[in-house]
Structure formats: C-alpha cells, structure tokens
Amino acid sequence: MSTSPLLTLLFVSIFSFVQSISKYRVLSIVPRDEFQLHKLRSLREKFPQDFSDFWLPPSSVNGSTHVMASPGSNLERLLHKWNISYDTMLDDVEKDLISNSLLFKKREIALNGTRLKDDLSVPFGGLPLGVYHGYTAISDSLQRMADSSKGLAKYITIGTTVEGRTIAGLKIGHDDGKKEVFIFDAGIHAREWATVHTALYFINQLLNPAADASVKEYLDKMVIYIIPVANPDGYEYTRIDETNPKFRMWRKNRGRELCSNSVDGEKRCCKGVDLNRNFDFQFGAIGSSRYICSEIYHGPFAFSEPESIALRDLFMSLKGRIRAYITLHAYSQLFIHSYSHRAKAYPREIDDIRQVASHAVKEIEKMYGTKYQFGTGPEIIYGFAGGSTDWATEKIGVKYSYTIELRPLYTAFNGFVMRPSELIPTARETWNGVRVVMDAVLRELPTPLPPSLCVDTQPGCIAWIAASPSLCQTNPASMRRDCAKSCQFC
Ligand SMILES: [Zn+2]
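So the sequence shown is residues -20 to -1, 1 to 470, counted in mature numbering (1 follows the signal peptide of the UniProt record, and there is no 0).
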C-alpha cells in the first residue's frame, strides 16, 4: 500500500515537531500588546524554570524576549493558546553547549602549552585567565594569592552556603579602620560564569603592580573587597554537566526543597532562591515571584538564605565606610543604578550617580566599541525588587551602587555561554568602566584638615560617637564641622 504525499508530509511534520520538543530550544518572542506582555510576565513569575527559563525577560511591548523551553514542555502550545507568535532562535541548546565546551577544551590545552597572545601575567598563586575554573580551585587560589601578597591582601570568608561551602573572597589594601571601602561581588546568579572570570581579572589587576599604574593610589586610599563567587553552590551545580542545560542554565542558589501548589493547581517541589530578589528592600514587589519553582523566586522572607545573609553581614560590618558597590551580572550590556523597584524612584545623589555611570560606559566603549546603556532597571530593562544594589543604596547608604550586566548585547542568542576569546576582552573593558567609579570615590575623599581646624566645636562629640560609632562616616559633613578632633579628620 502506498502512502499519499499529503500523509507523508503530515508524518514528517509531526515527527520533526516531536523531535524538536524533545530538545531544549530557545524561542524568541516579541509581545505585540499589553495583554501579551502581561502573559509573558506571568509566565516568568508563575511557571517553573524547567518549563520556561527566561534568558531575556519581557521588558516592553515590541521588545524582544528569549525563553528556553525544556524537552517535553508545552510552552509552544501555551503560546498558541494565548495567540502569541514566536520564532525558534536556537533549536538545540545542548548542541550549542557541546560546541562551546570543545572550544574551551582546546583553549585549556593551548594554555598548558605556549602562552596565548591575550593571556596575562598572573600574580603568584592566581589562576590562568581566559578559561573557567571550579570553585575549589578559585577558593584555593585566593588563599595562595593572599599568602604571597606580603600582607596587601587578606583571605576572608563571609559565610557558609546551604551545602556547606565557605564563601571566600579577598580584602585588598592595608586597612587602618577608617579608609573608604569598595565592594565587588560576582556570580550571585549561578549561570553567569563570565562575571566570575571578570572578578578574577579585577583581582589580577589589583595584585599585579605592573598591570595598572593607578592601582597603587586606589589601594593607598581604599580597601577593596572582592567576592568572586557569591553563590558557590549554584556555580558548582552549573558545572555538574556544562553541556546539559538543566545544570548549566541554573540561576538560583541550592536552597532546601520546598513544596507548594503551582499555577496549574498541581503540587510542585523545587529547590533554590533567586538571591538577587532576597534582599530586604521592597522585598516581594515587582519582578520577583512567590512561586517556589520560578526562576525569580524571592524566598520565604528577606534574607532567608545564608548567601544573602553573608553579603548583608559583610556590608553591616563596614557600614559608614562603603562608598561603592558593584555586582557583576550577565548579560545585556547595562550599567544599572538605583532604584529598580519602580519607575522614577531615585536616590538623593542621583546626579553624581548618573554622571559617573555615563562616564563609565564611555570608557567601556573606548576599548573595543562595546556599547552599554545606563539607567535604573525600569528605565533600561525592567523593574526588579529585592536586589542587592538597591538595598545597599537604601539601607547601607552606599553612594555608588551599580549592577553591571556584562556582554553580550541582549540580542545575542546564547549570552550565558561566552566564547573563550571574549572572556579577557570583556573583563578588560569592564575594568576600564570600573576605574571610573574608583576615580570618583578618590575624587570625593575629604582632604585632611590642618591642625588649627582640628577641634571639636560641640561638647557632646565623644558621647555621640560612643552612642553611634559610625557617626563620623555616616555624617561626614556635619561631623567635620562639629567634631573634627574626635572623628580624627585631621
Ligand atoms: Zn544576574
């Protein structure tokens, strides 16, 4: 019996559809109206990450959205139901991950042989740049770099993760207890590997006297904290199998499994909290989710996770001295400043904050032409609440507090997996932007007062400072006027 051509065509189409949904694929969707935008937002907020994993979240009508669907997920059917059209941007994510993994293997072999042209001189104890490293190797290298830094750097631990890993970092610069502080972190979101590499590059710049002539001045006047992997459990989870999207594309921490009814009424159990929604400022508001399986699940309450608590405690212990905080994320090429929880909300010193951001993105562009946008979350991408930078601005009083979303541009089809040849250029141009923020901090350092002005003009200075030890740092202008001697501003 012969099969009709029409029937054959039908079989082929059904076969290829079934085959395609048996793979991880990335869909590109452009919401055409407010209804479609709302539906996509609810998809991100209410559906599990293993159903629809947003690589580029929905931001506006006619703005692109990229979402990865898991094998067997009914995402396309749901989009049809909502009458939302889509294109398949990447039809086999696993294949793409495998080809990237091979590129990295080749590079590792090259690094073990002759030095690559763009390789850098790595400080003693550091790791080769241009490739990724596991958490244990990173943590061990931090210890070695501190040991060999002649006291310039100190190995620090700020807490312990859900799975018992130590969250390690470096404190760089001699600390007299009064110097201004700059904090960097990276890898809060597990899959954003290029951020970890960039933080290691920063450490390289700061510990390698030949790398950057400005570093000496930075370290004479500031103390710099760098936490290169703020979410070590999540990072190691993404490394279990770097060619399997189930692991490689994990975003949250590995917080204990919780169960609740999902949006379809079924009971679901999931692990993990989005740490960058778990900070205690506008917790639970826009751009975060109460659904435990969502990729943006904010946790049961603010600071419910040991990783966010560790960062909180670091900030609290230095409150009054922290002038700048930069958290590295990927991707979209954005320099985001506070506040991001709602539109048109700005901190008091917004003019300076914007000016520094504007200058920083120009410096980034100068190096390789990479174009960044700057602004608040709602201005340039989307609103999100419970993030670390808004909290640092509002609750700790950090003036320059930025979230940097590294390369590539949001239109890239697989931005979380950066090719090895782009790692060092990405870190290098970002350092150029970061130096602008460090320069701003230096420029604003108060000059020491001459001995003739080194007096207390108010009788209560000693008692005030005893009652509130960070008063000199939190209110420098009035304390310079009233209590210069007791604050040791001379
Ligand atoms: Zn991120």
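By construction, the Cβ of each residue, glycine as well, lies at the ideal position given by its N, Cα and C atoms.
These numbers come from a predicted model, not from an experiment.
Annotation for A304: F162, Y380, V417 and V421 place their beta carbon closer than 6 angstroms to its own, counting only its chain and skipping 5 residues before and after.
Rounded to whole angstroms, the separation of the alpha carbons of W62 and N241 is 23 angstroms.
In the DSSP assignment, L386 is bridged to A310.
Taking 7 angstroms as the cut-off, the Cβ atoms of S8 and D67 count as close. Remark: the C-beta of H317 is outside contact range of ligand 1, defined as less than 6 angstroms to any heavy atom. As computed with DSSP, N63 is found in no beta bridge at all. Apart from sequence neighbours up to five positions away, the residues of its chain that approach I136 with a beta-carbon distance below 8 angstroms are A148, G149, L150, K151 and Y205, ordered along the chain. If you check the C-beta of H321 against ligand 1, you find no heavy atom less than 6 angstroms away. Classified as exposed, N54 has fewer than 16 neighbouring CB atoms from the shown chains inside 10 Å of its CB. Checking the 6 angstroms criterion, the Cβ of E402 is out of range of every heavy atom belonging to ligand 1. The Cβ-Cβ distance between F364 and R171 does not fall below 7 angstroms.
Taking the CA atoms as reference points, S284 sits about 7 angstroms from N258. Taking 8 angstroms as the upper bound for CB-CB distance, R228 and E222 are in contact here, some 5 angstroms apart. Judged by the Cβ position, E172 qualifies as a neighbour of ligand 1 at the 6 angstroms threshold, a heavy atom of the ligand being closer than this. The closest heavy atom of ligand 1 lies less than 6 angstroms from the beta carbon of H309. DSSP places L291 in the uninterrupted alpha helix (DSSP H) bounded by P286 to S297.
For L109, DSSP assigns no beta-bridge partner whatsoever.
Sorting F469, G300, Y4 and R408 by C-alpha distance to the C-alpha of L451 places G300 at the top. Pairing R270 with D436, the inter-Cα distance amounts to about 52 angstroms.
Contact between L308 and L386 holds, with the beta-carbon distance rounding to 7 angstroms and staying under 8 angstroms.
Residue burial annotation: C273 is buried, with at least 16 other C-beta atoms found within 10 angstroms of its C-beta. Non-local C-beta neighbours of V142 in its own chain, meaning closer than 8 angstroms and more than five positions away in sequence, comprise D213, N233, R234, G235, R236, E285, P286 and E287, ordered along the chain. Not one heavy atom of ligand 1 lies closer than 6 angstroms to the C-beta of H46. Non-local beta-carbon contacts of A179 in its own chain, meaning distances under 7 angstroms to residues more than five positions away in sequence, involve F164, A166, I206, P208 and L308 in chain order. Remark: the shortest separation between the CB of H60 and any heavy atom of ligand 1 does not fall under 6 angstroms.
In this structure, the CA atom of D370 is about 15 angstroms from the CA atom of A337. Beta-carbon to beta-carbon, K247 and K201 are separated by about 56 angstroms, too far to satisfy the 8 angstroms threshold.
Taking the CA atoms as reference points, T406 sits about 21 angstroms from R219. Across the structure, V111 and A133 are spaced so that their CA atoms are roughly 23 angstroms apart. With respect to the C-alpha of A90, the residue from N80, P108 and V341 having the closest C-alpha is P108.
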